[in-house]
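*Asks:* Shown below is the structure under consideration.
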Amino acid sequence: MELRGGNETILLVDDERIILEVARDMLEELGYQVIVADNGEEALKIFASGKNRIDLVVLDMKMPKMDGSATYDRLKAVDPGVRVILSSGYGLDDETEAILRKGCNGFIQKPFGIVQLATKIREVLEGQSIV
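Mapped onto my numbering, the consecutive letters of the sequence shown carry residue numbers 4 to 134.
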C-alpha cells in the first residue's frame, strides 16, 4: 500500500514524550512539517502565534493542566476554521463524542500506526472525515 503524505504543517499535542517522538517521526517520514507541544497551554501559544501556517492539529484528549476538550474549545476561539484530529487511548467515549459534535474533524485511536495516521490526516485535510 502506498502511503499518502503531504507537505502541510501539523501541530502535534500530547503529554507523553514517547508518543510525541514516534508520531513526529511518522509525520516527518510522510513529508509533513511538525511542531510539537506537550500540553494544551503550550499548544495554544504556538497556534495563536502561527495559526496561518498550521494546517492541522493532532490533539491528545487526556492531558494534565488543560485537557483536550478545553484545548479544543480555545483553539476554536482563536480560529473557528481550525482542523483537529482527536487522539486517545480510551476510544470514543462521551467526552470525545461531544467534541466531535462541536465540529472536530476526526478521531484516531492510540496506539496508531503510520498507515492509520496517514489515512486519517489525508481524510481531514481533504475534507472527508468526521470520525
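Cβ coordinates follow ideal geometry from the N, Cα and C atoms, glycine included.
Assuming L103 contacts F110 under a Cβ cut-off of 8 Å, what Cβ separation, rounded to an integer in Å, is found between them?
*Replies:* 6 Å
*Asks:* Between A73, L95, T99, N55, which lies nearest to D82 when the distance is taken from Cα to Cα?
*Replies:* N55
*Asks:* Tell me the start and end of each unbroken alpha helix (DSSP H) in the stretch 91–125 that is at least 4 residues and wholly inside, in chain order.
*Replies:* 97–104
*Asks:* Decide yes or no for the touch test of the stretch 12–21 against the stretch 29–40: beta carbon pairs closer than 8 Å, at least 3 of them.
*Replies:* Counting Cβ pairs under 8 Å, three or more are found: they touch.
*Asks:* Who are the near neighbours of G106 in its chain, counting only those whose CB is closer than 8 Å to its CB and skipping five residues on each side?
*Replies:* Sequence-distant partners of G106 (beyond 5 residues in either direction) whose C-beta falls short of 8 Å from its own C-beta, in its chain, are K79.
*Asks:* For A51, is the classification buried or exposed, using 16 other Cβ atoms within 10 angstroms of its Cβ as the cut-off for buried?
*Replies:* exposed
*Asks:* With distances taken from CA atoms, which of G130, Q36, E5, D28 is nearest I88?
*Replies:* G130
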